[in-house]
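Participant:
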Amino acid sequence: MAHLPTPDQRALATAGRQHAALAHHQAVAAGLSHDQIEWRAEIGRWRRPVRGVYTIAGSPDSALQRLWVAYLACERAGGVVSHVSAAALEDLTPFSTLPHISVPAAASARSRAARVHRSTVPAQDWRWRDGMRVTTVSRTLVDVAGLLDRPSLEEVVDAAFCRQLASSASVEAAAERSGARIRGSQLRRSVTAVWSSRIEPGSVAEVRLLRQLQAEGASGVVTQHEVRNERGLFVARLDVAVPDLHVGLEYDGTLAHSPRSWDRDESRYAELRRVGWQVAPVSKLDLVPGEPRLRDLVRSWQLRRAA
15 MAHLPTPDQR
25 ALATAGRQHA
35 ALAHHQAVAA
45 GLSHDQIEWR
55 AEIGRWRRPV
65 RGVYTIAGSP
75 DSALQRLWVA
85 YLACERAGGV
95 VSHVSAAALE
105 DLTPFSTLPH
115 ISVPAAASAR
125 SRAARVHRST
135 VPAQDWRWRD
145 GMRVTTVSRT
155 LVDVAGLLDR
165 PSLEEVVDAA
175 FCRQLASSAS
185 VEAAAERSGA
195 RIRGSQLRRS
205 VTAVWSSRIE
215 PGSVAEVRLL
225 RQLQAEGASG
235 VVTQHEVRNE
245 RGLFVARLDV
255 AVPDLHVGLE
265 YDGTLAHSPR
275 SWDRDESRYA
285 ELRRVGWQVA
295 PVSKLDLVPG
305 EPRLRDLVRS
315 WQLRRAA
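Shown next, in the form of structure tokens:
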């Protein structure tokens, strides 16, 4: 005859799915009375980090356990894992010491286990993840723009966009749905602008490309350079060029080309090669800090100049 699990076993099974964290109401749902729960806390079988939430004695303290404690403390008030904590779950940032939880503006939830943000998150801007409500990556980028400095935000946005977890359009749509003025809006738009489909004169993408070339030691770089053939006829305008070396860069912010686009580009490149120019395409992925391609290109230019 099969034995039904005991209330303790049911409670432990729930905690096992939550990094050894358990809410009071979950313990009651498992079949334990209030007095039984209190007794387990008093004898040290369960720890009580904050009111209404327990962790199983002997379980390791971890960032995920602290996140679960914070989430369970705010769950019934409509809490959603957000900001840096939501970014950390996507491996976009490290976990913060104090987890970030967003609750509806009208909620009275507060907890010393969490940094509580009073901001209603629309249903389309959160999803379930391992039993927790967590903001989408697009909403997360909106939120962290009000907390991070520019270099940190660039790193997070670049990582999210490179992995195609979000896009400029999805981030701006999430910002629009927030329904309120969000801190960091100007910084967010500036950082995401580099991911526009084309480079434009004076654009963030152009400035960032030039800065990275300069940081790698490039010299003699000009922008929007016109290339003409031996008869003085216009061949192409290059986004970035080093005229004395007859080399240039063409920027494309899209992640993929259509066959027609590839054919058109190859035709232009063939004509540029005919008049003695070497042109390399670069994309927004090459603007991510730490990517080696621009460094390698600059080194090849330096070697040509030294030859």
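So for the sequence shown, the numbering used here puts the first residue at 15; every next one is plus one.
Ideal placement from N, C-alpha and C gives every residue a C-beta, glycine not left out.
To the nearest angstrom, report how far apart V67 and H38 are at their CA atoms.
Facilitator: Linking V67 to H38 through their CA atoms gives a straight-line distance of about 6 Å.
Participant: For I70, which of helix, strand or coil comes out of DSSP?
Facilitator: DSSP places I70 in strand when its eight states are reduced to three.
Participant: If I measure Cβ to Cβ from L161 and keep anything under 7 Å in the same chain, skipping five residues before and after, which residues do I get?
Facilitator: Cβ neighbours of L161 within its own chain (closer than 7 Å, five residues either side excluded): H97, V98.
Participant: Could you give the uninterrupted runs of the alpha helix (DSSP H) lying entirely in the region 127 to 191, keeping only those of 4 residues or more?
Facilitator: Within the region 127 to 191, the runs of alpha helix (DSSP H) at least 4 residues long that lie entirely inside it are, in chain order, 151 to 158, 164 to 176, 182 to 191.
Participant: Among residues of its own chain, excluding the 5 on either side of A123, which ones have a beta-carbon nearer than 7 Å to its beta-carbon?
Facilitator: C88, A91, G93, V117, V130
Participant: Pull up the distance between the alpha-carbon of L301 and that of V261, whole angstroms please.
Facilitator: 19 Å
Participant: Apply the 10 Å Cβ neighbour rule to Q226 and answer buried if 16 or more other Cβ atoms are within range, or exposed otherwise.
Facilitator: buried
Participant: If you pair each beta-carbon of the region 34 to 52 with each one of the region 109 to 116, do three or more pairs fall below 8 Å?
Facilitator: no
Participant: Note down the Cα distance separating V254 from L308, rounded to an integer number of angstroms.
Facilitator: If I take the Cα positions, the gap works out to 12 Å.
Participant: What do you get for T206, buried or exposed, if any count of 16 or more other CB atoms within 10 angstroms of its CB means buried?
Facilitator: buried
Participant: If A188 sits next to V156, beta carbons under 8 Å apart, how far is it from one beta carbon to the other, in whole angstroms?
Facilitator: That pair is a contact at about 5 Å.
Participant: With the cut-off set at 8 Å, would you say I249 and V241 are in Cβ contact?
Facilitator: Note that residue 249 corresponds to Val in the displayed sequence, not to Ile. Yes.
Participant: In terms of residues, what are the limits of the alpha helix (DSSP H) holding D49?
Facilitator: 48 to 56
Participant: Please say whether V151 and A180 have beta carbons closer to each other than 8 Å?
Facilitator: The Cβ atoms of A180 and V151 lie closer than 8 Å to each other.
Participant: I need the boundaries of the beta strand (DSSP E) containing T237, first residue and last residue.
Facilitator: 236 to 242
Participant: Would G145 and R31 be called neighbours here (beta carbons separated by less than 8 Å)?
Facilitator: yes
Participant: Output needed for L259: all residues of its chain with C-beta closer than 7 Å, excluding positions within five of it in sequence on either side, in chain order.
Facilitator: W315, R318, R319, listed in sequence order.
Participant: H17 and Q79 - do their beta-carbons sit closer together than 8 Å?
Facilitator: no
Participant: Could you work out which residue in S281, E264, G304 is closest to S297 when comparing CA atoms only?
Facilitator: E264
Participant: Taking the continuous beta strand (DSSP E) assigned at H114, which residues delimit it?
Facilitator: Start and end: 114 to 117.
Participant: Please return the same chain residues whose Cβ sits closer than 6 Å to the Cβ of S184, not counting the five positions on each side in sequence.
Facilitator: S152
Participant: A119 to G193, Cα distance in whole Å?
Facilitator: 12 Å
Participant: Tell me which residue opens and which closes the beta strand (DSSP E) that L252 is part of.
Facilitator: 248 to 256
Participant: Near L36, what residues of its chain come up, given a Cβ to Cβ distance below 8 Å and the 5 sequence neighbours on each side ignored?
Facilitator: Closer than 8 Å at the Cβ level, and outside the excluded window around L36, lie A25, T28, A29, W60, V67, Y68, T69, I70, L86.
Participant: The alpha helix (DSSP H) with V42 in it runs from where to where?
Facilitator: DSSP places V42 inside the alpha helix (DSSP H), whose first and last residues are 38 to 43.
Participant: Taking the C-alpha atoms as reference points, what is the distance between R222 and P21?
Facilitator: As the crow flies, the alpha-carbon of R222 is around 59 Å from that of P21.
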